[in-house]
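Numbering (the numbering used here), first residue to last: 19 to 257.
Here is the structure we will look at, set down as C-alpha cells.
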C-alpha cells in the first residue's frame, strides 16, 4: 500500500508541476503580447506626433497662409446637419477664409455615409455662412483620413494646405497628408458644444487609428476611389 501511495503522490506532484509550467507559459505569453501591443500602438502614436511636430496650430490667428483649407468630414445629425465636431471644423474653415489665410476650401468626406451625405451637408453649412460657392470644392470620396489626403494630392493637385479638424485628430491628419506629399499644417477646429465624454472617446479612438495610419503610409496604398485629375481646387484658388 505504501508503494501505491508513493506512486500516486509522485504522479500528483508531477501533474501539479506541469500545471504550474502551463500557467507560467500562459502568463508570459499574455504578458509578451500585451507588451508588444503597447509598443506597437505607442510607436504608431509617436510617428504621428513626430511627423506633425511644428505643424499644428491651436487657433486661426496662429495659422500660416495656404492656398486651400481641407476640412475632414464627420457624422451628421438625423436631420442632416453637422454635429458639433463637424460644425466646429467648418466654422474654423470659414474663419480662415474670412481672415484671408486661405483662398479656397476643400471639404472631404463620405458622400454615402451612414448618417448621410457628409460633403453636401458641409457645403450647405459653409455657403449659408457666406462662403462663395466658387471658393468651395467637395470631395465625396474622402472615405477616411488617408483617402482625403491621398485624393487631395493625386486628384485635386493640392501641394500646400491647412488641415482643419479637432486637436486630437490633427497629429494623424497632418502626418498622413505630409506623407503623401502635401506641405500641410493643421488648425484645431472649435468644439464648444462637444461633450467631454465624446472628446475622450475620440481621443482613445486615435490609438488604433494611429496604427492604421502607419500601415496605410507604409503600404502607400491608393485611395479606395480612383478619379481622374480634377482642376476644381486650382480654379477655386485663382477665381
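Just so you know, even glycine gets a beta-carbon here, dropped at the ideal spot from N, CA and C.
Can you tell which of the options has the C-alpha that lies nearest to the C-alpha of residue i?
| i | options | result |
| --- | --- | --- |
| residue 238 | 254, 255, 245 and 194 | 194 |
| residue 127 | 133, 118, 121 and 137 | 137 |
| residue 250 | 98, 169, 65 and 165 | 169 |
| residue 91 | 141, 67 and 72 | 141 |
| residue 147 | 105, 119 and 191 | 105 |
| residue 180 | 202, 246 and 245 | 202 |
Taking the straight line between their C-alpha atoms, what separation do you get for residue i and residue j?
| i | j | result |
| --- | --- | --- |
| residue 82 | residue 242 | 31 Å |
| residue 229 | residue 62 | 5 Å |
| residue 224 | residue 135 | 24 Å |
| residue 102 | residue 253 | 30 Å |
| residue 76 | residue 40 | 52 Å |
| residue 119 | residue 176 | 16 Å |
| residue 213 | residue 80 | 25 Å |
| residue 67 | residue 216 | 22 Å |
| residue 221 | residue 27 | 56 Å |
| residue 95 | residue 187 | 20 Å |
| residue 36 | residue 227 | 41 Å |
By Cβ distance, which residues of its chain are closer than 8 Å to residue i, with the 5 residues on each side in sequence left out?
| i | result |
| --- | --- |
| residue 144 | 108, 111, 112, 123, 125 and 154 |
| residue 130 | 158 |
| residue 132 | 93 |
Go ahead and label residue i buried or exposed: buried means 16 or more other beta carbons lie within 10 angstroms of its beta carbon, across all protein chains shown.
| i | result |
| --- | --- |
| residue 70 | buried |
| residue 100 | buried |
| residue 54 | Its pLDDT being 49, under 50, residue 54 is placed unreliably in this model, and the coordinates cannot settle the point. |
| residue 218 | exposed |
| residue 231 | buried |
| residue 189 | buried |
| residue 162 | buried |
| residue 98 | exposed |
| residue 233 | exposed |
| residue 64 | exposed |
| residue 72 | exposed |
Given the structure, does residue i come close to the ligand SAH, in the sense that its CB is under 8 Å from one of the ligand's heavy atoms?
| i | result |
| --- | --- |
| residue 42 | Ligands are entirely absent from the displayed structure, and the ligand SAH is therefore not among its contents. |
Leaving aside the five residues before and after residue i along the sequence, list all residues of the same chain whose C-beta is less than 7 Å from its C-beta, in chain order.
| i | result |
| --- | --- |
| residue 149 | 112, 115 and 123 |
| residue 255 | 85, 86, 121 and 122 |
For residue i, which residues in the same chain have their Cβ closer than 6 Å to its Cβ, ignoring the five residues on either side in sequence?
| i | result |
| --- | --- |
| residue 182 | 87, 89, 107, 110, 111, 205 and 207 |
| residue 19 | Because the pLDDT of residue 19 is 49, which lies under 50, any placement of that residue in the model is unreliable, and the question is left without a value. |
| residue 257 | 152 |
Closer than 8 Å is the cut-off here; do at least three beta carbon pairs connect the segment 37-45 with the segment 204-218?
no
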